[in-house]
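To start, the structure under review is shown below, and the notes come after it.
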Amino acid sequence: MSLSLEEYQAGQVLLIDKPLEWSSFQAVNKIKHGIKRKFNIKKIKVGHAGTLDPMATGLLIVCTGKATKTIQSIQDTDKEYTGTITLGIVSASYDSEGPFIEICDYSHVTEDMIIETTNQFKGDILQAPPIFSALKKDGKPLYEYARAGEEVEIKKRPVRIDAFEITRIELPEIDFRIACTKGTYIRSIAHDFGKALNSGSYLSALRRTKIGDYNVDDATLVNEWEV
Numbered sequence: 006m007s008l009s010l011e012e013y014q015a016g017q018v019l020l021i022d023k024p025l026e027w028s029s030f031q032a033v034n035k036i037k038h039g040i041k042r043k044f045n046i047k048k049i050k051v052g053h054a055g056t057l058d059p060m061a062t063g064l065l066i067v068c069t070g071k072a073t074k075t076i077q078s079i080q081d082t083d084k085e086y087t088g089t090i091t092l093g094i095v096s097a098s099y100d101s102e103g104p105f106i107e108i109c110d111y112s113h114v115t116e117d118m119i120i121e122t123t124n125q126f127k128g129d130i131l132q133a134p135p136i137f138s139a140l141k142k143d144g145k146p147l148y149e150y151a152r153a154g155e156e157v158e159i160k161k162r163p164v165r166i167d168a169f170e171i172t173r174i175e176l177p178e179i180d181f182r183i184a185c186t187k188g189t190y191i192r193s194i195a196h197d198f199g200k201a202l203n204s205g206s207y208l209s210a211l212r213r214t215k216i217g218d219y220n221v222d223d224a225t226l227v228n229e230w231e232v
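For the sequence shown, my numbering assigns the number 6 to the initial residue and increments by one for each residue that follows.
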C-alpha cells in the first residue's frame with residue numbers, strides 16, 4: 006500500500022534489506038529522491054539508524070519526516086548479525102576489502118578449538134576498532150591515518166557480546182551468529198578470532214539480521230522499494 010506525502014512527513018520507519026555493494030547513503034538517497042520526485046517537493050527529512058558497510062547486506066532502518074527524531078534511540082538498541090569468518094588470511098581492513106597482508110597456516114585448527122574460542126568473546130569485553138573505520142582520533146577519521154600509512158594508538162572500547170554461535174564449519178570458512186550491543190565491530194571480532202586461534206582470519210561476509218525488535222525478515226529489498 007502506497008503512502009501519502011503527509012504520512013511520510015508525519016514519520017515512517019522503513020525496513021530496508023540493503024544489497025551487497027550498496028552504501029547506506031545510496032539507499033537513503035534512493036528513498037529520499039523517490040519521495041521528492043513523486044510528490045514534487047524540494048525537501049523532506051530522511052536518515053538511517055546505523056550505517057551498514059557496502060560489503061555487508063541486511064537490515065537498514067530508514068526514517069522519514071518526524072520519525073528521524075527516533076534515529077538515536079533505534080541506534081542505541083542491540084544488534085544481531087550472521088556472517089562468515091575465513092581463516093588463513095589477514096586483512097588490513099579486517100574484511101574482504103583488504104588489502105590482504107599475511108597468509109597464515111590454519112591446519113592445526115579443529116572444530117573443538119573453534120567452539121571453545123567463542124567463549125573468549127562472550128559477555129563484556131574490550132574491543133579495538135579497525136584502523137580502517139570512520140571513528141575519529143584528534144578530529145580525523147581513523148581510515149585517513151591508515152591510508153597514509155601512519156601508526157596511531159587505538160583505544161579499546163567496552164562492548165557486550167550476548168551470543169556467539171557457530172552455525173557452520175567448513176574450513177577455512179566459519180559461519181556464525183552474533184548478538185551484541187551497539188558500537189560492536191564484527192570485523193574486529195573476526196580479526197581477533199583468528200589471532201586467538203593462531204591462524205589469522207578476516208570477515209568475508211556479513212549480514213545484519215536484527216536491530217532491536219526490528220527483523221530483516223520484515224524488510225523490503227531496496228531495489229524493490231517504491232514510494
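No residue lacks a Cβ here, since even glycine has one placed at the ideal position from N, Cα and C.
Remember, predicted model here, so these are calculated numbers, not experimental data.
Residues bridged to residue 129 (per DSSP)
Paired residues: 165.
Looking at residue 39: is its Cβ nearer than 8 Å to the Cβ of residue 73?
Contact flag unset, no.
What did DSSP end up calling residue 209 once you bin it into helix, strand or coil?
Strand.
Going along the chain, which residues of its own chain have a beta-carbon closer than 6 Å to the beta-carbon of residue 59, five neighbours each way excluded?
Taken in chain order, the residues that qualify are 26, 28.
Let me make sure I understand the geometry here. Which of 35, 12, 18 has the alpha-carbon closest to that of residue 229?
Nearest in C-alpha terms to residue 229, of all of 35, 12, 18, is 35.
Look at the Cβ atom of residue 194, then the Cβ atom of residue 183, and state whether they are nearer than 8 Å.
Yes. Within cutoff.
Is residue 197 helix, strand or coil by DSSP?
In this structure, residue 197 counts as helix in the three-state DSSP scheme.
Which same chain residues end up closer than 6 Å to residue 16 when comparing Cβ atoms and leaving out the 5 residues on each side of it in sequence?
Around residue 16: 70, 71, 72.
Which listed residue (197, 203, 223, 211) has its alpha carbon closest to that of residue 85
The residue with the shortest Cα to Cα distance from residue 85 is 211.
Option nearest residue 1 by Cα separation, candidates 204, 44, 31:
A query on residue 1 cannot be resolved here, the shown segment of the chain reaching from 6 to 232 and no further.
Which residues mark the beginning and the end of the alpha helix (DSSP H) in which residue 106 is found?
That residue, residue 106, is in no alpha helix (DSSP H); its beta strand (DSSP E) goes 105-108.
Close Cβ partners of residue 173 (< 6 Å) along its chain, the five nearest in sequence each way excluded:
Within the same chain, residue 173 has close Cβ partners 180.
Let me confirm a value: residue 206 is counted as buried when at least 16 other C-beta atoms fall within 10 Å, else exposed. Which label applies?
When all chains shown are included, residue 206 counts as buried.
For residue 201, which residues of its own chain have a beta-carbon under 6 Å away from its beta-carbon, when the five flanking residues on both sides are left out?
So the qualifying residues of the chain are 122, 125.
Would you grab the beta carbon distance between residue 22 and residue 164 for me? Rounded to a whole angstrom, and I think it's under 8 Å.
Not really, about 25 Å apart at Cβ, beyond 8 Å.
Spatial neighbours of residue 102 within its chain, please: CB distance less than 7 Å, with the 5 preceding and 5 following residues excluded, ordered by chain position.
Closer than 7 Å at Cβ, skipping near neighbours: 60.
Would you tell me roughly how many angstroms separate the C-alpha atoms of residue 80 and residue 18, rounded to the nearest one?
Rounded to the nearest angstrom, the gap between the Cα atoms of residue 80 and residue 18 is 13 Å.
Kindly indicate which three-state DSSP category residue 204 falls into: helix, strand or coil?
Note: residue 204 maps to coil in three-state DSSP.
Per DSSP, which one or two residues make a beta bridge with residue 96?
The partner list for residue 96 (beta bridge, DSSP) reads 105.
Length of the line joining the Cα atoms of residue 64 and residue 189
Distance between the alpha carbons of residue 64 and residue 189 is about 16 Å.
Just to confirm, are residue 42 and residue 99 a CB contact at a threshold of 8 Å?
The answer is no: Cβ separation not under 8 Å.
Here's the rule: buried if 16 or more other CB atoms are within 10 angstroms of the residue's CB, otherwise exposed. What is residue 226?
Result: exposed.
State yes or no: is the C-beta of residue 47 nearer than 7 Å to some heavy atom of the ligand FAD?
The ligand FAD is not among the ligands present in this structure, which contains no ligands whatsoever.
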